[in-house]
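Q: Counted from 1, the sequence shown has number 14 at position 15 by the numbering used here; the numbering is strictly sequential.
Ideal Cβ positions, reconstructed from N, Cα and C, are used throughout, including at glycine.
The structure presented is a predicted model; accordingly, all values stated were derived computationally and were not measured.
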Amino acid sequence: MARKPRGWHPKGFYHIIVRGNNRQNIFRDKNDVDEYFRVLSFVYGKFPFELYAYCVMTNHVHLLLRSPHFHLGKLMAPLNRRYSDYYRKRHGYVGQIFQNRYYSKEVTGTTGLLHVSSYIHRNPIETKQPMVESMEHYPHSSYRYYFYGEDSPYPFLQLQLLPSLLPRGWAQTSEEYARYCREKEE
0 MARKPRGWHP
10 KGFYHIIVRG
20 NNRQNIFRDK
30 NDVDEYFRVL
40 SFVYGKFPFE
50 LYAYCVMTNH
60 VHLLLRSPHF
70 HLGKLMAPLN
80 RRYSDYYRKR
90 HGYVGQIFQN
100 RYYSKEVTGT
110 TGLLHVSSYI
120 HRNPIETKQP
130 MVESMEHYPH
140 SSYRYYFYGE
150 DSPYPFLQLQ
160 LLPSLLPRGW
170 AQTSEEYARY
180 CREKEE
């Protein structure tokens, strides 16, 4: 039976989640996270995309991205395949790494983008046992670039859009966007 094609359009923003099979850990240490970003950079070189928010947890990844030229499958298939190959080799793992291909949902409107990006950035503090006390202390999230006003180390990570979408009464800066994420759910 053929898979149902996923929706995609060039101007769409998508919340993508990739989860470990049976919710098992797929990022055991910083080396695994670094490799994921090496693979992400490789994929970007072949299929350019724009990433606005991310959070790499131990057993799943959240990405908020836009792919103006290529269907999401063009990005996600080599990303998942290459990372799986790396993980199996490094950890001597046999079997499926990821639970399904990936989850994707289109995010619409300014409010939607702010809500989803805030949700992604709040992930490390909203687990049953928070991984950190403050979002800026979590090393595997784009939140720290907004919080500290740092430049992106990756050509695909775009830090200008989300602050520009803040509602009236908020300055359109990275620091204000970080404050928005902190206060959004309080």
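Starting from K104, trace the beta strand (DSSP E) in both directions and tell me its first and last residue.
A: It spans 102 to 106 - the beta strand (DSSP E) in which K104 sits, taken as one unbroken run.
Q: Which word fits G168, buried or exposed, when buried means at least 16 other C-beta atoms lie within 10 angstroms of its C-beta?
A: Exposed, since its Cβ has fewer than 16 Cβ neighbours within 10 Å.
Q: One question on the structure: do F46 and L64 come within less than 8 Å of each other, judged by their Cβ atoms?
A: In this structure, L64 does not lie closer than 8 Å to F46 by Cβ.
Q: Classify D31: buried if its beta carbon has 16 or more other beta carbons within 10 angstroms, exposed otherwise.
A: Result: buried.
Q: Per DSSP, which one or two residues make a beta bridge with V131?
A: V131 is not bridged to any residue.
Q: Which residue comes first and which comes last in the beta strand (DSSP E) that contains E34?
A: E34 -> not in any beta strand (DSSP E); alpha helix (DSSP H) instead, spanning 29 to 45.
Q: If you compare alpha carbons, which of Y153, F155, P162, P154 is closest to F146?
A: Comparing Cα-Cα distances from F146 to each of Y153, F155, P162, P154, the minimum goes to P162.
Q: So what does DSSP say about G111, is it helix, strand or coil?
A: In the structure shown, G111 sits in a helix (DSSP, three-state: H, G or I).
Q: Decide yes or no for the touch test of the region 6 to 19 against the region 96 to 113: beta carbon pairs closer than 8 Å, at least 3 of them.
A: Verdict: yes, contact present.
Q: Compare the beta carbon distance of M130 and Y142 with 8 Å and say whether it is the shorter of the two.
A: No; because the gap between Cβ atoms is not below 8 Å, this pair is not in contact.
Q: At a cut-off of 7 Å, is R121 close to the ligand NAP when judged by its beta-carbon and the heavy atoms of the ligand?
A: With respect to the ligand NAP, the structure offers nothing, as it holds no ligand at all.
Q: Buried or exposed: where does A52 fall if 16 or more other Cβ atoms within 10 Å of its Cβ makes it buried?
A: Its Cβ being crowded by 16 or more others within 10 Å, A52 is buried.
Q: Out of Y86, H70, E34, V42, which has the shortest C-alpha to C-alpha gap to G19?
A: Looking at the Cα atoms, Y86 is the closest of the given residues.
Q: Put R65 into one of helix, strand or coil per three-state DSSP.
A: DSSP places R65 in strand when its eight states are reduced to three.
Q: Measuring CB atoms only, is the region 116 to 124 touching the region 53 to 62, in the sense that at least three cross pairs come out at less than 8 Å?
A: At 8 Å Cβ cutoff, the stretches touch.
Q: Tell me the rounded alpha-carbon separation between Y43 and M75.
A: Straight-line Cα distance between these residues: approximately 11 Å.
Q: Where S140 and F36 are concerned, what is the direct C-alpha to C-alpha distance, given to the nearest angstrom?
A: Rounded to the nearest angstrom, the two C-alpha atoms are 12 Å apart.
Q: For the beta strand (DSSP E) that contains Y137, what are its first and last residues?
A: Counting along the chain, Y137 falls outside any beta strand (DSSP E), and DSSP gives it neither H nor E.
Q: Does A170 pass the burial test, meaning 16 or more other C-beta atoms within 10 Å, or should it be called exposed?
A: Counting Cβ neighbours within 10 Å, A170 comes out exposed, since fewer than 16 surround it.
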